[in-house]
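Note that the protein sequences, when read in sequence, are chains A and B. When you line the first sequence up against this note's numbering, it's residues 152 to 266, in that order. When you line the second sequence up against this note's numbering, it's residues 309 to 424, in that order. Using N, Cα and C, we set each Cβ at its ideal position, and we do this for glycine too. Single-structure report; data block below.
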Amino acid sequence: AQTVTQSQPEMSVQEAETVTLSCTYDTSESNYYLFWYKQPPSRQMILVIRQEAYKQQNATENRFSVNFQKAAKSFSLKISDSQLGDTAMYFCAFMKTNTGNQFYFGTGTSLTVIP
Amino acid sequence: EPEVTQTPSHQVTQMGQEVILRCVPISNHLYFYWYRQILGQKVEFLVSFYNNEISEKSEIFDDQFSVERPDGSNFTLKIRSTKLEDSAMYFCASRATGGVGNTEAFFGQGTRLTVV
């Protein structure tokens, strides 16, 4: 079975500062995908960043980057130059590479960017 | 930009009543999903749907649950006899294709179901 753990229920960061959200997972699969989804208040979840497990290079999308440690089964999200619009719930998710392609989610981290 | 839409945004129902949650996936998508999140807990997979049939379902998705794509655009989740523990946020999602070539799922904003 796959499990995803986000140990930080709530976090806050000053605008323009950097914050790191942690995520660990457990799986016996060798190939899989990892994701960070963002859910602003009363809005749908949107994809922030994705990482393929077979790629050693950490994914980066503008101010968002990940620190993927496959051996440690860790997948943290770094947000640089935090903006007020980054305030949201952030979900870490795991996906096997089978045809069903269901996501396994963590419980989420509520991030507040303080002006 | 195309998006997944869900209606209603909030549904209150009495225990034992049937409820239907509606979703309109993105029009050219082929894979559809329902997830739920009980308050304070993780988002849990319920069911995936492809080619007009269920492709995978979780232990949560028992005989009280059913899904349907009645008219080629809507994707519905029906709970036949709601229980208090069915109270949760229900998310619909869709993907363009399966396999590893297209991994992004697009989510709706959710329906909050409250069973009283």
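Taking C-beta pairs closer than 9 Å, name the residues in chain A that residue i reaches, listed in chain order.
i	result
B/K386	Within 9 Å Cβ-Cβ: nothing; B/K386 doesn't reach chain A, min ~20 Å.
B/Q417	Q190, S193, R194, Q195, M196
Got a sec: is the Cβ-Cβ distance from residue i to anything in chain B below 9 Å?
i	result
A/A244	yes
A/Q207	no
A/L198	yes
A/N213	no
A/V217	no
A/V155	yes
In the DSSP assignment, what residue or residues form a beta bridge with residue i?
i	result
B/C331	B/Q314, B/F383
A/E161	A/S261
A/N218	A/S227
A/D177	A/T154
B/A401	B/Y341, B/F415
B/E364	B/S356
A/K189	A/I197, A/Y241
B/R420	B/H318, B/M397
A/Q202	A/L185
A/M299	For chain A, the structure presents residues 152 to 266; residue 299 of chain A sits outside this window and is missing.
A/E212	A/F215
B/E309	Its beta-bridge partners do not exist; DSSP assigns none.
Given that residue i touches chain B, what residues does it touch there, using C-beta distances under 7 Å?
i	result
A/T258	Q349, K350
A/F254	F353, A413
My assumption, with CB atoms under 8 Å, is that residue i sits in contact with residue j. Please give the rounded CB distance.
i	j	result
B/Q314	B/G416	4 Å
A/L198	A/F186	6 Å
A/I265	A/E166	7 Å
B/S402	B/P333	3 Å
A/Y241	A/K189	6 Å
B/F357	B/R377	7 Å
A/T171	A/S227	5 Å
A/T169	A/K229	6 Å
Does residue i get closer than 9 Å to chain A when you measure Cβ to Cβ?
i	result
B/Y398	no
B/S356	yes
B/R330	no
B/A404	no
Can you pull the chain A residues whose beta carbon is under 8 Å from the beta carbon of residue i, in chain order?
i	result
B/V312	Q195
Are the CB atoms of residue j and residue i within a distance shorter than 9 Å?
i	j	result
B/T405	B/L347	no
A/S163	A/T248	no
B/L392	B/F373	no
B/Y484	B/F399	Given that chain B is displayed from residue 309 to residue 424, the structure contains no residue 484 of chain B and the question cannot be resolved.
B/V351	A/F245	no
A/Q202	A/N213	no
B/Y341	A/Q253	yes
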